[in-house]
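J.: Here it is, the structure, as structure tokens.
In UniProt numbering, the protein residues as written are 1 to 321.
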């Protein structure tokens, strides 16, 4: 089944399309626990990839991933009371993400209107790009194993390029977040080869996760995260063909989610650039605005007040048709 594609020229069209997309989830009992999640971006050419893996001028993706550890350790060194050593890895990444440090997390939301806001909130007519809202599948009953999610978040310490899976496995099993499973019968705690097969599957796709809500902004945006892992692949230096997965090595690259991947994406909604301003006005009537979504930032709230006045002035002199 291909990913459905819509175009919404107004808030009312968008709401109707969301209801249409969600209807099968309510009717099909086997999909009742599938809770859609949403992401909006102002340019529909935007790749679904976390900030740490996005190409930046003069840097390759390899060097960016290599710098992940440096970014995190520097933040912990300079702000030890904020980025504390006793934080769980996922909690640490979520807080770094909140303060703008590139991480392997991609923001998503439980609120479709919040995603629509972010699809429309570019600087108007900057480059004429259409916005886009992605609707993701998320089965509430298939909550990922929490320790392994922390292991993925901890990858900056252990998933070093060229390191074998065996090294990674031994390192994560010594971490506090795996302590409660050391004597369990979880597939991740069995033989090395069984663990390699299981983790290969876990690491083959990103996972939706919750993280502790530590700010009014997170609460207002009803945020969730998509956490990305590095793949591990057969070592090019291994002479034997068909080497066991436990001898595979980690890649530094993080792969983007294919927007046509219908195993994780329900639909895409394009927001034409010319419709963005009117939609933003309409969203304000439903309590979705910059000053609400970034309510813990005094500068943002004050700037939003000024921008709102300027937008209204432009609208008065150049009303939309």
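By construction, the Cβ of each residue, glycine as well, lies at the ideal position given by its N, Cα and C atoms. Source: prediction; values computed, not measured.
Evaluate residue 230 with the Cβ neighbour count: other Cβ atoms within 10 Å of its Cβ, from every protein chain shown; 16 or more gives buried, anything less gives exposed.
T.: Label assigned to residue 230: buried.
J.: Since I believe residue 134 is in contact with residue 265 (beta carbons under 8 Å), could you give me their beta-carbon distance rounded to a whole number of angstroms?
T.: With 8 Å as the limit, residue 265 and residue 134 qualify as a contact, their Cβ atoms being about 6 Å apart.
J.: Can you tell me which of 269, 232, 307 puts its alpha carbon nearest to the alpha carbon of residue 252?
T.: It is 232 whose Cα lies nearest to the Cα of residue 252.
J.: Which of the three DSSP states is assigned to residue 105 in this structure?
T.: Three-state DSSP puts residue 105 in a strand.
J.: Thinking residue 340 and residue 13 are a contact (beta carbons under 8 Å), I'd like their distance in whole angstroms, please.
T.: Past the boundaries of the shown model lies residue 340; the chain is included only from 1 to 321, so the question cannot be answered.
J.: Could you tell me the distance, in whole angstroms, from the CA atom of residue 257 to the CA atom of residue 68?
T.: Taking the straight line joining both Cα atoms gives about 20 Å.
J.: Could you tell me how far apart the beta carbons of residue 108 and residue 11 are, in whole angstroms, since I believe they sit closer than 8 Å?
T.: Between residue 11 and residue 108 the Cβ distance is about 20 Å, and since that is not below 8 Å, they are no contact.
J.: Which partner residues of residue 164 appear in the DSSP bridge assignment?
T.: Answer is 249, bridged to residue 164.
J.: Residue 131 and residue 40 - do their beta-carbons sit closer together than 8 Å?
T.: Yes; because the gap between Cβ atoms is below 8 Å, this pair is in contact.
J.: Would the region 208-224 count as touching the region 90-98 if we require 3 or more Cβ pairs under 8 Å?
T.: Touching, per the Cβ criterion.
J.: So, are the CB atoms of residue 298 and residue 49 less than 8 Å apart?
T.: Not closer than 8 Å, so no.
J.: Are the CB atoms of residue 283 and residue 105 nearer to each other than 8 Å?
T.: The answer is no: Cβ separation not under 8 Å.
J.: Among 247, 221, 268, 273, whose alpha-carbon lies nearest the alpha-carbon of residue 290?
T.: Minimum Cα distance to residue 290 is reached at 221.
J.: Distance, Cα to Cα, residue 215 vs residue 296?
T.: Straight-line Cα distance between these residues: approximately 7 Å.
J.: Specify, as a first and last residue, the run of the alpha helix (DSSP H) that residue 72 falls within.
T.: Run containing residue 72: 68-78, per the alpha helix (DSSP H) assignment.
J.: Compare the Cα-Cα distances from residue 137 to each of 82, 54, 4 and report the closest residue.
T.: Of the listed residues, the one whose Cα sits closest to residue 137 is 4.
J.: Pull up the distance between the alpha-carbon of residue 292 and that of residue 73, whole angstroms please.
T.: In a straight line, the C-alpha of residue 292 is about 32 Å away from that of residue 73.
J.: For residue 228, does the three-state DSSP call read helix, strand or coil?
T.: Reduced to three states, the DSSP call for residue 228 is coil.
J.: What distance in whole Å lies between the Cβ atoms of residue 196 and residue 158, which are believed to be in contact at a cut-off of 8 Å?
T.: 15 Å between Cβ atoms; not a contact.
J.: Taking the alpha helix (DSSP H) that residue 267 belongs to, which residues open and close that run?
T.: It is not in any alpha helix (DSSP H) - residue 267 instead sits in the beta strand (DSSP E) that spans 265-271.
J.: According to DSSP, simplified to helix, strand and coil, what is residue 17?
T.: Note: residue 17 maps to helix in three-state DSSP.
J.: Would you please state the rounded distance, in angstroms, between the beta carbons of residue 8 and residue 17? I believe it to be under 8 Å.
T.: Yes, residue 8 and residue 17 are in contact; Cβ-Cβ is about 6 Å, under 8 Å.
J.: Which of the three DSSP states, helix, strand or coil, is assigned to residue 255?
T.: Looking at residue 255 - three-state DSSP - the assignment turns out to be coil, as it is neither helix nor strand.
J.: Can you tell which of 169, 122, 285 has its C-alpha closest to the C-alpha of residue 203?
T.: Measuring from the Cα of residue 203, the nearest candidate turns out to be 169.
J.: Once you ignore the five residues that flank residue 235 on each side, which residues in its own chain have a CB closer than 6 Å to its CB?
T.: Within the same chain, residue 235 has close Cβ partners 249.
J.: For residue 154, count neighbouring Cβ atoms within 10 angstroms of its own Cβ and tell me buried if that reaches 16, exposed if not.
T.: Looking at its Cβ environment, which holds 16 or more other Cβ atoms inside 10 Å, residue 154 is buried.
J.: Near residue 125, what residues of its chain come up, given a Cβ to Cβ distance below 6 Å and the 5 sequence neighbours on each side ignored?
T.: Note on residue 125: pLDDT 47, under 50, position unreliable in the model; the coordinate value appears next. Within the same chain, residue 125 has no close Cβ partners at all.
J.: Measure the C-alpha to C-alpha separation of residue 188 and residue 198 and round it to an integer number of angstroms.
T.: Residue placement at residue 188 is poorly supported in this model, since its pLDDT is 47, which falls under 50; the coordinates are not used for a value here.
J.: Find the nearest neighbour of residue 218 within the set 163, 294, 128, 102, judged by alpha-carbon distance.
T.: When each option's Cα is compared against that of residue 218, the closest is 294.
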